[in-house]
Structure formats: structure tokens, C-alpha cells
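K.L.:
Take this structure first; my questions come after.
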Amino acid sequence: MLPEKLRAIFRKENGAVAHSGAGPRYSSPPAGVSARKVTKKDGSTIRQSRGLEQFFFDIRDVVGLSVLDLAGANQDNIDFLIDLGHKVYTQDLVRSIDEAFGRDMAEQANASRIEYFLKQNFDYPKDTFDGVMLWDSLQFMSPALLTATVERLYEVMRPKSYLLAFFSASERVTEVPSYLFRIVDNKTIHLTERGMRPTGQVFNNRNLEKLFGKFGSVKFFLTRENLREIIVRR
Amino acid sequence: MSSTPHRMPEPESRGTATIGKAVRVVGQIFTKEDLYVDGDVEGTIESQENKVTIGPNGRVQASIRARDVIILGQVQGNVETSDKVDIRKDAKLVGDITTSRISIEDGALFKGSIDIKKPEPKPAVAATVGQPAQPRPAEASVAATGAARN
Numbered sequence: 000m001l002p003e004k005l006r007a008i009f010r011k012e013n014g015a016v017a018h019s020g021a022g023p024r025y026s027s028p029p030a031g032v033s034a035r036k037v038t039k040k041d042g043s044t045i046r047q048s049r050g051l052e053q054f055f056f057d058i059r060d061v062v063g064l065s066v067l068d069l070a071g072a073n074q075d076n077i078d079f080l081i082d083l084g085h086k087v088y089t090q091d092l093v094r095s096i097d098e099a100f101g102r103d104m105a106e107q108a109n110a111s112r113i114e115y116f117l118k119q120n121f122d123y124p125k126d127t128f129d130g131v132m133l134w135d136s137l138q139f140m141s142p143a144l145l146t147a148t149v150e151r152l153y154e155v156m157r158p159k160s161y162l163l164a165f166f167s168a169s170e171r172v173t174e175v176p177s178y179l180f181r182i183v184d185n186k187t188i189h190l191t192e193r194g195m196r197p198t199g200q201v202f203n204n205r206n207l208e209k210l211f212g213k214f215g216s217v218k219f220f221l222t223r224e225n226l227r228e229i230i231v232r233r
Numbered sequence: 000m001s002s003t004p005h006r007m008p009e010p011e012s013r014g015t016a017t018i019g020k021a022v023r024v025v026g027q028i029f030t031k032e033d034l035y036v037d038g039d040v041e042g043t044i045e046s047q048e049n050k051v052t053i054g055p056n057g058r059v060q061a062s063i064r065a066r067d068v069i070i071l072g073q074v075q076g077n078v079e080t081s082d083k084v085d086i087r088k089d090a091k092l093v094g095d096i097t098t099s100r101i102s103i104e105d106g107a108l109f110k111g112s113i114d115i116k117k118p119e120p121k122p123a124v125a126a127t128v129g130q131p132a133q134p135r136p137a138e139a140s141v142a143a144t145g146a147a148r149n
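First to last, the protein sequences are chains A and B.
Throughout the first sequence, residue numbering follows numbering that gives the first Met the number 0, covering 0 to 233 in sequence.
Throughout the second sequence, residue numbering follows numbering that gives the first Met the number 0, covering 0 to 149 in sequence.
Right under this line is the structure:
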């Protein structure tokens with residue numbers, strides 16, 4: 000019989016799941032990651048992600064997939080995806096937003112600039128990707144840019160492929176921190192903050208379902224960090 | 000992510016051709032020795048058995064084929080190596096990579112795809128001389144995934 004404290008440590012404390020999938024594949028956390036969230040000395044955070052776990056569960060047991068990682072090139076994500084046997088496409092979408100529009104959200108409504116942005120960043124043949132990891136990038140887009148980007152993503156993703164995205168669950172904030180995301184393992188991410196940024200709009204479940212209405216399904220995971228992690232099936 | 004100290008490749012070492020930072024080349028470059036590019040190149044660079052280094056002042060709009068490629072400057076074009084691509088801090092690469100191994104330092108900007116290919120098999124002579132060489136764990140992992148994909 001374990002004492003209550005020990006039982007609490009071993010007890011699974013997952014976030015609320017709106018639509019539960021099949022049983023996910025669990026791996027042992029890396030050394031030093033025994034809790035759901037660990038803050039390091041440099042201020043970065045390591046935490047578990049049900050969304051990431053579900054993403055890798057959904058594309059499990061298949062090699063040779065084309066995965067688009069929009070966190071920006073980093074050795075951890077590249078090594079993880081390559082070790083799974085996938086072809087990796089990488090770019091820093093938040094940086095691309097800044098390069099195309101600057102920090103002024105109003106610039107993101109300019110139709111010709113949106114077209115140029117899509118040409119620069121999503122100029123891929125139809126049905127190219129089996130998985131897309133958007134991380135938190137979509138929440139920094141204005142409604143016009145967001146709609147155009149999601150439509151373009153629909154085109155470049157294969158049917159039955161998956162998309163991972165994070166959104167702030169708070170409906171009151173107008174600014175949220177932007178992060179660099181590194182994959183630690185199939186259900187753990189290392190986040191390094193890279194400053195506050197204005198959000199383009201409020202992202203509640205209804206808005207997100209509407210945004211991805213053309214896609215097959217949307218699955219939500221609400222984290223303790225007041226974040227909506229979503230998995231969208233094309 | 001690399002914690003190793005930042006090393007500046009030595010451009011003046013023996014057996015290395017150098018394109019200095021005041022030089023601009025438009026066309027095809029073929030070399031049978033290592034190449035250090037610190038100037039502007041537009042076209043193609045090919046050095047199949049050797050190493051190509053793009054220095055911090057290098058601005059290359061070219062496809063590069065070599066054994067190893069080290070990038071400290073800016074490259075726009077596809078990179079294909081038989082061994083390793085090394086993208087250092089502050090480097091910028093826009094293009095697709097085909098390689099056996101890759102290293103990207105924090106602070107580097109890369110936009111494109113990475114295709115890991117199976118290393119070419121060693122000549123069979125090694126087996127007759129002694130024990131066949133065992134791959135290191137990391138190489139074995141890449142080889143296995145490459146085989147599954149191809």
C-alpha cells in the first residue's frame with residue numbers, strides 16, 4: 000500500500016480531453032523530468048504535452064512521412080523526427096510573419112502581402128505533408144491571414160494527415176508569450192520564451208471548430224497552463 | 000543544439016582553394032580539393048570528395064554538392080552531401096538538404112527540407128581483411144530509418 004503522497008506522484012494527471020482518442024503510446028520521461036512541468040534555471044520550461052503525444056500516436060508505426068515543423072530549425076526536433084524515419088521540412092513561421100508583416104497586426108489584412116507570405120512559406124505541391132506542427136504560430140495571425148493560411152494548409156496536407164497547434168485558452172488576454180518549442184520525447188516539450196506578442200483574436204473551441212471546418216475533425220486538450228492544444232485531422 | 004565552442008574553419012590550410020570576400024563568381028565551380036568560399040558565388044559548386052565551407056562573409060546562390068558542407072554565411076540553394084552538413088550559429092540556409100548526417104547550431108536559420116539518405120556501403124575488401132566494421136549506434140539508427148524509407 001503506497002502512501003498518499005507517493006500515489007499522487009504516480010497518478011496520471013492529464014488535462015481535460017474533449018474527444019478522447021485511442022490509448023496513446025507512453026514513453027519513459029527523460030532523466031530529470033518526473034513531474035508534468037519543470038522550470039529550468041534559464042527560465043525555460045519542460046512540460047508534458049497531450050497534443051504532441053496524440054500527434055505522434057496518430058502517425059505511429061509509419062516511416063517515410065513528410066512532416067512540416069514550423070518551430071524553426073533546431074537539432075532536437077530534427078533528430079527526433081529523423082530518428083522516426085521521416086522527412087523533415089522546417090522553417091520558423093513566427094519569424095516569417097515578422098519578416099512579411101512586421102509587428103503591426105493591421106498589415107496582416109493586406110491581401111497582396113498575404114498572397115506573398117503564402118507564396119514564400121507554403122509554396123508546396125498539393126498533398127505534400129503527412130503531419131504539420133504549427134505549435135503556437137497561428138494565434139499571432141490576424142483573422143484574414145489565419146483563414147488564408149489554414150486554407151493553404153488544407154491544400155498542402157494529405158487526406159487523413161494531422162496538424163498540431165497550440166492556442167491560449169484565455170479569452171481576456173490580448174498578448175501572450177511566444178515560445179521556441181523543442182521535442183524532448185513523444186509527449187514532452189521544452190519551451191523557451193521569446194517575448195510577448197499580440198494575439199490576432201480569441202480562440203475558443205467554437206472558433207477553432209469553425210476555423211478548421213473544412214477539415215475532418217478537431218480534438219482538444221486543455222492544459223494546466225491555460226492552453227488549448229489541438230489535433231486536426233485533414 | 001551544440002554545446003561545443005564555436006570554431007572558425009581555417010581557410011588558409013594547405014590543399015584548400017579559397018574564394019575571398021572581395022571575389023564574385025558566376026558559373027560552375029568544380030574542385031578536387033577543399034573549398035572555402037567567403038565571397039559571392041552564383042551557379043553551382045561541386046566538390047564530390049571534399050569539404051566545402053561557406054565562410055561568415057560568404058553569400059552563395061548555388062546548389063552545392065560535396066562530401067561535407069559547413070555553412071557560416073548565407074546560402075540559397077540545395078545542398079547535397081555524402082557525409083555531413085553543418086549549419087553554424089548565425090548561418091542562413093534556404094534550400095533542401097540531402098545528407099547522411101546534419102548538425103544545426105542554435106541561432107542558425109534554415110528553411111527547407113531534410114532528407115537523410117543511407118550512407119553508401121563500404122567496399123567489400125574490408126570483410127576479407129578482418130572483421131567487418133560495426134557501425135556506431137547513431138549511424139546504425141540513420142541507416143535503418145533510411146532503409147525503411149527507401
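Yeah, the Cβ is synthetic: ideal placement off N, Cα and C, and Gly gets one too.
Predicted model, so just to flag it, every value in this text is computed and none were measured.
Within the present structure, is the beta-carbon of Y178 (chain A) separated from the nearest heavy atom of the ligand NAD by less than 8 Å?
P.N.:
Ligands in the displayed structure: none, and consequently the ligand NAD is not present.
K.L.:
Using a Cβ-Cβ cut-off of 7 Å (strictly less than) and excluding sequence neighbours within five positions of R181 (chain A), which residues of its own chain qualify?
P.N.:
Taking the first sequence and counting its residues from 1, the one referred to as residue 181 (chain A) is at position 182. For R181 (chain A), where only same-chain residues beyond five positions count, the Cβ hits under 7 Å are N73, D75, N76, I188 and H189.
K.L.:
Measuring straight from C-alpha to C-alpha, what distance separates N203 (chain A) and E170 (chain A)?
P.N.:
Along the first sequence, one-based indexing puts residue 203 (chain A) at 204. Along the first sequence, one-based indexing puts residue 170 (chain A) at 171. Rounded to whole angstroms, N203 (chain A) to E170 (chain A) spans 7 Å at the Cα level.
K.L.:
Quick check: the Cα distance between E79 (chain B) and D95 (chain B), rounded to an integer number of angstroms?
P.N.:
Taking the first residue of the second sequence as position 1, residue 79 (chain B) is located at position 80. Taking the first residue of the second sequence as position 1, residue 95 (chain B) is located at position 96. Cα to Cα, E79 (chain B) sits roughly 8 Å from D95 (chain B).
K.L.:
Mind listing the chain A neighbours of L71 (chain B)? Cutoff is C-beta to C-beta under 9 Å, in chain order.
P.N.:
Counting from 1 along the second sequence, the entry for residue 71 (chain B) is found at position 72. Chain A residues near L71 (chain B): none, gap ~15 Å exceeds 9 Å.
K.L.:
Please confirm if G194 (chain A) has its CB atom under 9 Å from at least one CB of chain B.
P.N.:
Counting from one through the first sequence, the residue named residue 194 (chain A) turns up at place 195. Closer than 9 Å: no.
K.L.:
On a CA-only basis, which of A:D57, A:R157, A:D41 and A:R49 is nearest F214 (chain A)? Give me that one, please.
P.N.:
As a working note, residue 214 (chain A) is residue 215 in the first sequence. Comparing Cα-Cα distances from F214 (chain A) to each of A:D57, A:R157, A:D41 and A:R49, the minimum goes to A:R157.
K.L.:
Rounded to a whole number of angstroms, what is the C-alpha to C-alpha distance between A21 (chain B) and G38 (chain B)?
P.N.:
In the second sequence, residue 21 (chain B) corresponds to position 22, counting from 1. In the second sequence, residue 38 (chain B) corresponds to position 39, counting from 1. Going by the C-alpha atoms only, they are around 6 Å apart.
K.L.:
Could you tell me which residues DSSP pairs with G26 (chain B) in its beta bridges?
P.N.:
Here the question's residue 26 (chain B) lines up with position 27 in the second sequence. G26 (chain B) is bridged to B:G42.
K.L.:
If you follow the alpha helix (DSSP H) that Y115 (chain A) is part of, which residue opens it and which one closes it?
P.N.:
Along the first sequence, read from residue 1 onward, the residue named residue 115 (chain A) stands at position 116. Where Y115 (chain A) is concerned, the enclosing alpha helix (DSSP H) stretches over A110 to N120.
K.L.:
So V87 (chain A) contacts chain B; which residues on that side make the cut at Cβ distance below 8 Å?
P.N.:
On the first sequence, position 88 is the one that residue 87 (chain A) refers to. In chain order: S112 and I113.
K.L.:
Starting from A68 (chain B), follow its DSSP beta bridges and name the residues at the other end.
P.N.:
Working through the second sequence from its first residue, we reach residue 68 (chain B) at position 69. The sequence given here has Val at residue 68 (chain B), not Ala. Its beta-bridge partners are B:V51 and B:V84.
K.L.:
Please classify Q200 (chain A): does DSSP put it in a helix, a strand, or coil?
P.N.:
Within the first sequence, residue 200 (chain A) is the residue found at index 201, counting from 1. Coil, per DSSP.
K.L.:
How is A21 (chain B) classed by DSSP in three states: helix, strand or coil?
P.N.:
Taking the second sequence and counting its residues from 1, one reaches residue 21 (chain B) at position 22. Three-state DSSP puts A21 (chain B) in coil, outside helix and strand.
K.L.:
Grouping DSSP H, G and I as helix and E and B as strand, with all else coil, what is Y25 (chain A)?
P.N.:
Within the first sequence, numbered from 1, the residue matching residue 25 (chain A) stands at position 26. For Y25 (chain A), the predicted model reports a pLDDT of 38, less than 50, meaning its position is unreliable; a value from the coordinates is still stated below. Correct three-state label for Y25 (chain A): coil.
K.L.:
Can you check whether the C-beta of Q74 (chain A) is within less than 9 Å of a C-beta belonging to chain B?
P.N.:
Here residue 74 (chain A) is taken as the residue at index 75 of the first sequence, counted from 1. Q74 (chain A) counts as touching chain B.
K.L.:
Could you tell me whether the Cβ of G212 (chain A) comes closer than 9 Å to any Cβ of chain B?
P.N.:
Taking the first residue of the first sequence as position 1, residue 212 (chain A) is located at position 213. Answer no: the Cβ-Cβ gap between G212 (chain A) and chain B never drops below 9 Å.
K.L.:
According to a CB-to-CB cut-off of less than 9 Å, which residues of the region 88-100 of chain A neighbour chain B?
P.N.:
The region 88-100 of chain A vs chain B, Cβ under 9 Å: Y88, T89, Q90, D91, R94 and S95.
K.L.:
Establish whether the CB of G71 (chain A) and some CB of chain B are separated by less than 9 Å.
P.N.:
Taking the first residue of the first sequence as 1, we reach residue 71 (chain A) at position 72. It does; some Cβ of chain B falls within 9 Å.
K.L.:
My output table needs one value for N225 (chain A): the three-state DSSP class, helix, strand or coil.
P.N.:
Within the first sequence, the letter at position 226 stands for residue 225 (chain A). Note: N225 (chain A) maps to coil in three-state DSSP.
K.L.:
Can you tell me which of A:V93, A:D68 and A:Q53 puts its alpha carbon nearest to the alpha carbon of R193 (chain A)?
P.N.:
As a first step, residue 193 (chain A) must be located in the first sequence, where it is residue number 194. With distances taken between Cα atoms, R193 (chain A) lies closest to A:V93.
K.L.:
What does the Cβ neighbour count give for N225 (chain A), buried or exposed, with the cut at 16 atoms within 10 Å?
P.N.:
Within the first sequence, numbered from 1, the residue matching residue 225 (chain A) stands at position 226. By the neighbour-count rule (16 or more Cβ atoms within 10 Å), N225 (chain A) is not buried but exposed.
K.L.:
Using beta-carbon positions only, say whether G42 (chain B) and T89 (chain A) come within less than 9 Å of one another.
P.N.:
Position 43 of the second sequence, counted from the start, is the residue given in the question as residue 42 (chain B). Position 90 of the first sequence, counted from the start, is the residue given in the question as residue 89 (chain A). Cβ atoms of G42 (chain B) and T89 (chain A): not closer than 9 Å.
K.L.:
Return no unless some Cβ of chain B is closer than 9 Å to the Cβ of I81 (chain A).
P.N.:
For this step, residue 81 (chain A) is matched to residue 82 along the first sequence. So, interface residue.
K.L.:
I need the DSSP call for L190 (chain A), collapsed to helix, strand or coil.
P.N.:
Taking the first sequence and counting its residues from 1, the one referred to as residue 190 (chain A) is at position 191. Three-state DSSP puts L190 (chain A) in a strand.
K.L.:
Have a look at B:A107, B:S62 and B:A16 and flag the residue whose alpha-carbon is nearest the alpha-carbon of D85 (chain B).
P.N.:
On the second sequence, position 86 is the one that residue 85 (chain B) refers to. Looking at the Cα atoms, B:A107 is the closest of the given residues.
K.L.:
Find the residues of chain B that neighbour I77 (chain A), judging by a C-beta separation of less than 7 Å, and give them in chain order.
P.N.:
Counted from its first residue, the first sequence places residue 77 (chain A) at position 78. Ordered by position in chain B, the residues that pass the 7 Å Cβ test against I77 (chain A) are I101, I103 and I113.
K.L.:
Pick from A:R227, A:A164, A:S136 and A:R151: whose alpha carbon is nearest that of M195 (chain A)?
P.N.:
For the purposes of this step, residue 195 (chain A) is identified with residue 196 of the first sequence, where counting begins at 1. Comparing Cα-Cα distances from M195 (chain A) to each of A:R227, A:A164, A:S136 and A:R151, the minimum goes to A:S136.
K.L.:
Grouping DSSP H, G and I as helix and E and B as strand, with all else coil, what is F211 (chain A)?
P.N.:
Residue 211 (chain A) sits at position 212 when you count from the first residue of the first sequence. Looking at F211 (chain A) - three-state DSSP - the assignment turns out to be coil, as it is neither helix nor strand.
K.L.:
Leaving aside the five residues before and after K144 (chain A) along the sequence, list all residues of the same chain whose C-beta is less than 6 Å from its C-beta, in chain order.
P.N.:
In the first sequence, residue 144 (chain A) corresponds to position 145, counting from 1. According to the sequence as given, residue 144 (chain A) is Leu; it is not Lys. Counting only Cβ-Cβ distances below 6 Å, and skipping sequence neighbours, we find Q107 and I113.
K.L.:
Tell me which same chain residues have a C-beta within less than 8 Å of the C-beta of T127 (chain B), skipping the five on either side of it?
P.N.:
What you label residue 127 (chain B) is simply residue 128 of the second sequence in a count that begins at 1. Confidence is the limiting factor: at T127 (chain B) the pLDDT is only 44, short of 50, which leaves the residue's position unreliable and the question unanswerable from this model.
K.L.:
Mapping the DSSP letters down to three states, classify T173 (chain A) as helix, strand or coil.
P.N.:
Against the first sequence, residue 173 (chain A) aligns to sequence position 174. If DSSP states are grouped into helix, strand and coil, T173 (chain A) belongs with coil.
K.L.:
Is there a C-beta anywhere in chain B that falls below 9 Å from the one on S43 (chain A)?
P.N.:
Numbered from its first residue, the first sequence carries residue 43 (chain A) at position 44. Chain B, which has no Cβ nearer than 9 Å to the Cβ of S43 (chain A), makes this no.
K.L.:
Does the separation of the CB atoms of G84 (chain A) and F139 (chain A) fall below 9 Å?
P.N.:
If you number the first sequence from 1, residue 84 (chain A) lands on position 85. If you number the first sequence from 1, residue 139 (chain A) lands on position 140. No, these two residues do not count as a Cβ contact at 9 Å.
K.L.:
Tell me the DSSP bridge mates of L108 (chain B)?
P.N.:
The residue given as residue 108 (chain B) occupies position 109 in the second sequence. Paired residues: B:K91.
K.L.:
Measuring straight from C-alpha to C-alpha, what distance separates Q47 (chain B) and V175 (chain A)?
P.N.:
The count along the second sequence starts at 1 and reaches residue 47 (chain B) at position 48. The count along the first sequence starts at 1 and reaches residue 175 (chain A) at position 176. Those two C-alpha atoms are separated by around 48 Å.
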